[in-house]
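In the working numbering, the protein residues as written are 39 to 108. Backbone N, C-alpha and C define an ideal beta-carbon position, used for all residues, glycine too. A quick write-up on the structure given underneath.
Here is the structure:
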């Protein structure tokens, strides 16, 4: 069983990482729209994390815990 859940979110990264995320997100979203497989963006982050796990570092915790990383 393959389960992925992302609730809320805090995305951070250097300039190049955010630009790369934007490119992948946009490309995936347009591709799914053209295939009529999606009608909103709510699943996009989960799909990208599953497709490109090497690009993400997932931290588990409460929402404000993310600020302790910086």
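Do residue i and residue j have their CB atoms nearer than 8 Å?
i          : j          : result
residue 79 : residue 67 : yes
residue 86 : residue 63 : yes
Going by DSSP in three states, residue i sits in which element: helix, strand or coil?
i           : result
residue 97  : coil
residue 48  : coil
residue 74  : coil
residue 103 : helix
residue 80  : coil
residue 64  : helix
Considering only residues of the same chain and omitting the five flanking positions on each side of residue i, which have a CB-CB separation below 6 Å?
i          : result
residue 76 : 70
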